[in-house]
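> Structure incoming, see below.
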């Protein structure tokens, strides 16, 4: 291991092993903690994919990936300002001692995470972010007089004022809250929480302030965007369970009964006006209330159902038009053949009257008479 600042080429400044790195990994979904190292022969730009998880800076401040494994790479190279850089690598015993030392801090991270939605998706909180910062600082090291490693050790820092929970921001700014959140679907709330503008704050605070032209000072980090919206909806539902309208209609007895009761025999949503859909929405809300649930995405569901039924009618119309066009082309060809044969028969002048020939051609005697007159008037060619 060496570092030659005077080397002419950059690739010659570092000796073998410079890309070697030890790391600590934490699965904050399960609480597992382990450590390991990279292959020093792997080029530096290829070392990150070989880590067992994500670096803290790669996952942002919102939802956590699955599996939620975060990796903290150790810093090995150091300089005291008086001489060349030095490296310090840790033994398995030293890393094992650090892992045990960090278990309470890991538990702080796990206990303070938001768990959102039916699947309990993990979302970072301000407390969890602070606990993780404490974990990283606990990995700093010094050496004692004997040269043994001394870890900085865990500590419990208070959440700084620059880290703000989304729910706290909503509570401080109720006038910016959107009433539609109370009946929004999970997907709609998730999309709202994932708001990412070209510049400025994203997430719930940014999405709330953008249309209101409210400016947020720089320097804050917001957490728990999805958790804040789900909590807002839960409060608005007043203890009732929010259920997506389509799921309620398909899976619950009350939903199926309400749908059948609202149907008129022979009627279709395709023919329903906007006023009728609004009336249906009020009817279904009442039925859901008796069932102890709040329907989310109800207007959108009804409008979507009508759009699908109208699309099916459009398909029928298009198919009918295509078939009619095909039949008209066929009739046109048959009529052309009939007219050709009729001309031949009339040219024979075999004594049959117009009524007899009209019976064969499935047309009127008047049409045959007119055709005979045109044929007689143009003996040099067939009539058009």
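Numbering (the numbering used here), first residue to last: 3 to 386.
Note that CB positions come from ideal geometry on N, CA and C, so glycine has one too.
Compare the C-alpha of residue 103 against each of 111, 140, 118 and 72 and name the closest.
The candidate whose alpha carbon is nearest that of residue 103 is 140.
> In terms of DSSP beta bridges, what is residue 291 paired with?
Beta-bridge pairing links residue 291 to no other residue.
> Could you please give me the residues that DSSP links to residue 225 through a beta bridge?
In the DSSP output, where bridge partners are listed per residue, residue 225 has 167.
> Compute the beta-carbon to beta-carbon distance between residue 70 and residue 29, rounded to the nearest angstrom, for a pair I have assumed lies under 8 Å.
The Cβ separation is near 6 Å, so the contact holds.
> Taking 8 Å as the cut-off, is the CB of residue 154 close to at least one heavy atom of the ligand MN?
As for the ligand MN, it is missing from this structure, which has no ligand bound.
> Looking at C-alpha atoms only, which residue of 377, 147, 359 and 64 is the closest neighbour of residue 198?
Nearest option by C-alpha distance: 64.
> In angstroms with no decimal places, state the Cα-to-Cα distance between residue 49 and residue 156.
For residue 49, the pLDDT reaches just 47, beneath the cut-off of 50, and the residue's location in the model is therefore unreliable, although a value from the coordinates is still provided. Computed Cα separation, rounded: 28 Å.
> Give me the Cβ distance between residue 226 and residue 168, rounded to the nearest whole Å; I'm assuming they're in contact under 8 Å.
That pair is a contact at about 5 Å.
> Spatial neighbours of residue 204 within its chain, please: CB distance less than 6 Å, with the 5 preceding and 5 following residues excluded, ordered by chain position.
Here the set comprises 197 and 198.
> Identify which residue in 201, 172, 127 and 331 has its Cα closest to the Cα of residue 231.
Cα-wise, what sits closest to residue 231 is 172.
> Report the residue from 360, 39, 125 and 276 whose alpha carbon sits nearest the alpha carbon of residue 195.
Out of 360, 39, 125 and 276, 125 has the C-alpha closest to the C-alpha of residue 195.
> Taking only runs of the beta strand (DSSP E) that begin and end inside the stretch 110 to 163, which ones reach a length of at least 3 residues, in chain order?
As far as the stretch 110 to 163 is concerned, its whole beta strand (DSSP E) runs of at least 3 residues are 116 to 118, 123 to 125, 143 to 145 and 151 to 153.
> Just to confirm before moving on: does the CB-CB distance between residue 279 and residue 244 stay below 9 Å?
The answer is no: Cβ separation not under 9 Å.
> Tell me which same chain residues have a C-beta within less than 8 Å of the C-beta of residue 352, skipping the five on either side of it?
None.
> Under the rule that 16 or more other beta-carbon atoms within 10 Å means buried, what is residue 369, buried or exposed?
With fewer than 16 Cβ atoms within 10 Å of its Cβ, residue 369 is classed as exposed.
> For residue 257, count neighbouring C-beta atoms within 10 Å of its own C-beta (all shown protein chains included) and say buried if the count is 16 or more, exposed if not.
The residue is buried, with at least 16 neighbouring Cβ atoms inside 10 Å.
> Looking at the structure shown, is residue 243 part of a helix, part of a strand, or coil, going by DSSP?
In the structure shown, residue 243 sits in a strand (DSSP, three-state: E or B).
> Indicate the three-state DSSP secondary structure (helix, strand or coil) for residue 343 in the structure shown.
Residue 343 falls in the helix class under three-state DSSP.
> By how many angstroms is the C-alpha of residue 330 removed from the C-alpha of residue 324?
Computed Cα separation, rounded: 10 Å.
> Keeping to the same chain, check which residues put their C-beta closer than 8 Å to that of residue 285; ignore five residues upstream and five downstream.
Excluding sequence neighbours, residue 285 sits near 260 and 264.
> Evaluate residue 127 with the Cβ neighbour count: other Cβ atoms within 10 Å of its Cβ, from every protein chain shown; 16 or more gives buried, anything less gives exposed.
Looking at its Cβ environment, which holds 16 or more other Cβ atoms inside 10 Å, residue 127 is buried.
> Within 10 Å of its beta-carbon, does residue 221 have 16 or more other beta-carbons around it, so buried, or fewer, so exposed?
By the neighbour-count rule (16 or more Cβ atoms within 10 Å), residue 221 is not buried but exposed.
> Quick check: what's the CA-CA separation for residue 121 versus residue 188?
Rounded to whole angstroms, residue 121 to residue 188 spans 12 Å at the Cα level.
> So residue 76 and residue 134 are in contact, right, with Cβ under 8 Å, and what is the actual spacing, rounded?
About 15 Å separates the two Cβ atoms, so there is no contact after all.
> With a Cβ-Cβ cutoff of 9 Å, do residue 363 and residue 339 count as a contact?
Cβ atoms of residue 363 and residue 339: not closer than 9 Å.
> Quick check: residue 68 and residue 31, are their CB atoms within less than 9 Å of each other?
Closer than 9 Å, so yes.
> Quick check on DSSP: helix, strand or coil for residue 57?
The answer is strand: DSSP assigns residue 57 an E or B state.
> Tell me the DSSP secondary structure of residue 368 in three-state form.
Reduced to three states, the DSSP call for residue 368 is helix.
> So what's residue 296 in DSSP terms, helix, strand or just coil?
Residue 296: strand per DSSP, three-state reduction.
> Compute the Euclidean distance between the alpha carbons of residue 9 and residue 22, then round it to the nearest angstrom.
About 21 Å.
> If you draw a straight line from the alpha carbon of residue 378 to that of residue 334, how long is it in whole angstroms?
Cα-Cα distance, rounded: 25 Å.
> Residue 304 to residue 287, Cα distance in whole Å?
Looking at the two C-alpha atoms, the distance is approximately 12 Å.
> Can the beta-carbon of residue 154 be found closer than 9 Å to that of residue 110?
Their beta carbons are not under 9 Å apart, which means residue 154 does not touch residue 110 by this criterion.
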